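Protein chains in written order, with UniProt numbering: chain A, 1 to 284; chain B, 1 to 810.
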Ligand SMILES: Cc1cc2nc3c(=O)[nH]c(=O)nc-3n(C[C@H](O)[C@H](O)[C@H](O)COP(=O)(O)OP(=O)(O)OC[C@H]3O[C@@H](n4cnc5c(N)ncnc54)[C@H](O)[C@@H]3O)c2cc1C
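Structure, rendered in structure tokens:
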């Protein structure tokens, strides 16, 4: 498969990358791991005239702790996230969700920033970062700004990024000691989610003190199952609590229908998978 | 010379071709490059049915690097009509089949123009500069609707969407009774309609063709299964004399029937190369392959099985609709007919009726896909046997046993008129039951049912047989197939005692080089390493009918044996001469000829050199040991086996997990158990994929929505259980090696085993059918409502990652 012609630049700093993007205008795209962009180019579903490769921008790569936060550079690969002890300790949900993405080959190339900027509703990482109250640090010609995850995802494949902006890093509050689980449902091992449920809980003395539940592919953007969260908090961490809460999982959702799942079935799956995700997270 | 004491046949040798295939050291067609090579790209119709009112290629012609652009009209006088070699009835309707559409397009993906450029990128870029005006016509997709009075027509000039009606009736043929009588008198009737969804062969190496017109012959390299048939067919189609065409199939990366074709792209490549006098290459993209390479299956099967209350079958009536797609390709109409003889399977049906209506639709043409006709038949009968068992309240294995041919009843002439030479269904089943722990799993199933477990267990059975070795030429003739089914081989003894074997079989992943070498090593008593297998080039292997239908071992390798026997016969004469004894006194063993009762001997290699020097040969004998043979068997071979599948169904989500899969295949004598294992594993994966994963889906406009591997789901090893495979060995009596063929067994047997298991898991919840593929949504919906086919056929959007490809951030 052969993409349409394009120019290619590989800047080494964020500022150069942003300038290149601004100069090239609407027809430019940044390329990270290429695991979503290259198929789009090769099938000629998009034909940007300029590709700005972020692969040489050192600043965009890596994982660091900043007080109560873990900050992950946009160009950090799925593989690096899977292997990172800081992530495992403080952001277990992200690690568990990343484990379900694609296959080792793709995980060595694909990046957190790319996956989130791509904003595929079936992508597995958006619902977890939404559930974890992440913030996105974006940089454009006017400088940097911080956008909460809830505002970053706008629509199918659409984010709050302006044409001259890139994702620099993702800041995630530490959820140390939280129980987490990502429950993914798909038809073959290597596939995007038909529905996915990201759950994390803080349990204090047998009672659910805080709960975060994110839904993958239950709408045009990742969703928070707020009714479920409300039904959990303050209740004992038991199977009965989980069951009752999970019944709310599909409330307010209007998922798409496709060959794998019509709307009703997706909503049913959301309830079943929420139950399973919470059960696994809470260990009940 | 080291004699091979231990027989080669039966050894689990690693395949000699694998090093070059796995390391990519070989040259596939796309790796071939020639001086001045030009590249082709095809523009394909985005619509399923339309009149082409105008094509403007002028802008494309002036794009950088573009040498020429041709439309169907430009090639109309020379492109002919793509061949269909299997006119199943005398009145079969067949449309003209241009390689490049001229006036109208009949499926989305049909080629309408070709760009020739210096590079593949330039060719691809120029496609978007071609401007085609399509006047859209009504789209015909559903077979039943296509046959209704007043239906829109795919090919108005044919006056109907019905291509042919092919009937076999046991009462008429004198092979059995009257099925309608059996139905009228039946104590139990099982009536079902099953759908064989459309599948895509999805071979690993995309199709590719290179044509060099600069020599005395046109040389065509093609990623094809059928270099010999292709040579003849392109000659007949284009009018280029056959002796002016040479076809080479270099290493070919899989086919599964999908490369058993004479493609539009091959014909156009040849014509363009001839026009320009320059070599050209075309290699398809994966999306092009999924869209335009022929599809497989796609039948609606209306089935009526008559039986007695005690479970004895009394009749079977099969009424098929088979989707041809828009055109009849090489053997399109013959595929469902190959199934006609297999619906009765291993069972003693006293009466049988088969009728197949072949139908045109505005979809990609269908044609052979692994199993071709036989998986469809096996699915239908094995599903029906389970339904019968449920209806009469018997264990499904017991119903089968009650009705199958007993081992002492062979040879057995079936109600479809085939003579099964051998088989032992009891032995294979007993072994499979034991390996599977049938009774243990049944007990667990009962326990889970009683407990109302979320995860229910089902057991699926498939006791299959198939007809292998597409050959007996006279049978193929009786079925109106245009060609025969023989195979050719030659054995060449080199002066140093090494051996070259020429075979008309055309391996594309099967491992013939290894298996043929093992066979020849035994036949001639030479080391395995001393044998070289030459194939796939009409110049080195001048005669052949190629590889498909599990025919290579049962036909092609037998030709090799026959040729080797001739070599040994000649060598024996020379040995007697050299040993100064009578020919009758010469014994041949382990590569040496000896005088009976003495220690005087002469090795095969010595004889090879003696023939080369030709100083001292028997009077009147020509100085050559080489021999060739063409083998045409008397009958098919009939592998069989018992496949048992345990499936767990998550009743909350509908997800199916295969817990255990046991198959015991009887494929007769085994040449190489490792190759057999590989064929079985791959076959199982493909058959399971039909049951659970794969389906080519078109939307209501006739657009293929499963156009990438994100939507057309192929399972990987991670989705499949560890297979337990074993064998029983009842030698075939239809060939001297006693072999039966294994290329399609796994695919044929596994699909019904899996679906039977899924249905068995939830039958107590009111389910007696789930349409393939048994997606979680379908299984869940069936449990909820009993409806078998939720979401399809033809749901408008594919799921999975299509969204991932149609968008793009911002
Ligand atoms: C076979 C396969 C299977 C897959 N399976 C899954 C799966 O199961 N689950 C899943 O979630 N994903 C899956 N993916 C997608 C994978 O996770 C990708 O890596 C990811 O979606 C994109 O990351 P990338 O770094 O490759 O981004 P790219 O493909 O390079 O870019 C994607 C988009 O994001 C934009 N972009 C990238 N980086 C930035 C940035 N820093 N700032 C602004 N815009 C940016 C690009 O311009 C482009 O539009 C799969 C991919 C493949 C090829």
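Each residue gets a CB set at the ideal place from its N, CA and C atoms; glycine is no exception. Values in this document were obtained by computation on a predicted structure and should not be read as measured data.
Using CA atoms only, rank isn't needed, just tell me which of the options is closest to residue i.
i	options	result
residue 96 of chain B	B:326, B:266, B:171, B:168	B:326
residue 526 of chain B	B:507, B:186, B:564	B:564
residue 722 of chain B	B:684, B:497, B:150	B:684
residue 110 of chain A	A:23, A:127, A:39, A:210	A:39
residue 552 of chain B	B:494, B:595, B:568, B:485	B:485
residue 272 of chain A	A:122, A:157, A:183	A:183
residue 66 of chain A	A:211, A:174, A:83	A:174
residue 502 of chain B	B:508, B:492, B:510	B:492
residue 647 of chain B	B:157, B:363, B:456, B:292	B:456
residue 422 of chain B	B:341, B:117, B:313, B:640	B:640
residue 819 of chain B	B:282, B:209, B:664, B:32	As displayed, chain B neither begins before 1 nor continues past 810, which places residue 819 of chain B out of reach and without an answer.
residue 562 of chain B	B:516, B:164, B:589	B:516
residue 240 of chain B	B:223, B:267, B:320	B:267
With residue i as the anchor, note down where its beta strand (DSSP E) starts and where it stops.
i	result
residue 657 of chain B	656 to 666
residue 706 of chain B	Per DSSP, residue 706 of chain B belongs to no beta strand (DSSP E) and is neither H nor E.
residue 14 of chain B	From DSSP, residue 14 of chain B is part of no beta strand (DSSP E); its letter is neither H nor E.
residue 594 of chain B	592 to 595
residue 299 of chain B	296 to 307
residue 462 of chain B	455 to 465
residue 196 of chain B	188 to 199
residue 315 of chain B	313 to 325
residue 270 of chain A	No beta strand (DSSP E) holds residue 270 of chain A; the alpha helix (DSSP H) holding it covers 263 to 282.
Is residue i near ligand 1, going by C-beta to nearest heavy atom under 8 Å?
i	result
residue 37 of chain A	yes
residue 260 of chain A	no
residue 61 of chain A	no
residue 7 of chain A	no
residue 160 of chain A	no
residue 295 of chain B	no
residue 553 of chain B	no
residue 166 of chain A	yes
residue 25 of chain A	no
residue 78 of chain A	yes
residue 285 of chain A	Since the displayed chain A opens at 1 and closes at 284, residue 285 of chain A lies outside it and no answer follows.
residue 117 of chain A	yes
residue 143 of chain A	no
residue 190 of chain A	yes
residue 717 of chain B	no
residue 711 of chain B	no
residue 183 of chain B	no
Residue range of the alpha helix (DSSP H) that residue i falls in?
i	result
residue 381 of chain B	374 to 392
residue 643 of chain B	No alpha helix (DSSP H) holds residue 643 of chain B; the beta strand (DSSP E) holding it covers 640 to 650.
residue 784 of chain B	776 to 785
residue 577 of chain B	557 to 579
residue 154 of chain B	Counting along the chain, residue 154 of chain B falls outside any alpha helix (DSSP H), and DSSP gives it neither H nor E.
residue 194 of chain A	Careful: residue 194 of chain A lies outside any alpha helix (DSSP H) and carries neither H nor E.
Is the CB of residue i under 9 Å away from at least one CB in chain D?
i	result
residue 697 of chain B	Chain labels in this structure do not include chain D; the protein chains are A and B.
- Query: What residues in the stretch 156 to 185 of chain A have a beta carbon less than 8 Å from any beta carbon of chain B?
  - Reply: Taking 8 Å as the Cβ-Cβ cut-off, the stretch 156 to 185 of chain A approaches chain B at 156, 157, 158, 159, 161, 163, 185, given in chain order.
- Check whether the stretch 361 to 378 of chain B touches the stretch 459 to 474 of chain B, counting contact only when three or more Cβ pairs, one atom from each stretch, lie closer than 8 Å. At 8 Å Cβ cutoff, the stretches touch.
- Query: Should the stretch 46 to 59 of chain A be regarded as contacting the stretch 14 to 28 of chain A, the criterion being three or more beta carbon pairs within less than 8 Å?
  - Reply: They touch, by the three-pair rule.
- For the stretch 769 to 785 of chain B, enumerate the residues whose C-beta is nearer than 8 Å to any C-beta of chain A, in chain order. 775, 776, 777, 780, 781: these are the residues of the stretch 769 to 785 of chain B whose beta carbon lies less than 8 Å from some beta carbon of chain A, given in chain order.
- Query: If contact means a Cβ-Cβ distance below 7 Å, which residues of the stretch 647 to 664 of chain B contact chain A?
  - Reply: Residues 652, 653.
- With contact counted as at least three CB pairs below 8 Å, one residue from each stretch, are the stretch 430 to 441 of chain B and the stretch 613 to 622 of chain B in contact? Short answer: they don't touch.
- Message: I'd like to know if the stretch 80 to 94 of chain B and the stretch 18 to 26 of chain B are in contact, where contact means that at least 3 CB-CB pairs between them fall below 8 Å.
- Response: The count of Cβ pairs closer than 8 Å, one atom from the stretch 80 to 94 of chain B and one from the stretch 18 to 26 of chain B, stays below three, leaving the stretches out of contact.
- Message: By the 8 Å beta-carbon criterion, what residues does the stretch 268 to 287 of chain B contribute toward chain A?
- Response: So the list reads 285, 286, 287, given in the order they occur along the chain.
- Message: Assess contact between the stretch 67 to 75 of chain B and the stretch 266 to 277 of chain B, defined as three or more Cβ pairs (one per stretch) separated by less than 8 Å. Is contact present?
- Response: Below 8 Å, enough C-beta pairs join the stretch 67 to 75 of chain B and the stretch 266 to 277 of chain B to call them touching: three or more.
- Do the stretch 117 to 131 of chain B and the stretch 341 to 349 of chain B make contact, defined as three or more Cβ pairs closer than 8 Å? Because the criterion of three Cβ pairs below 8 Å is not met, the stretch 117 to 131 of chain B and the stretch 341 to 349 of chain B do not touch.
- Segment contact, 8 Å Cβ cut-off, at least three pairs: the stretch 150 to 167 of chain B with the stretch 73 to 86 of chain B: No, the stretch 150 to 167 of chain B is not in contact with the stretch 73 to 86 of chain B.
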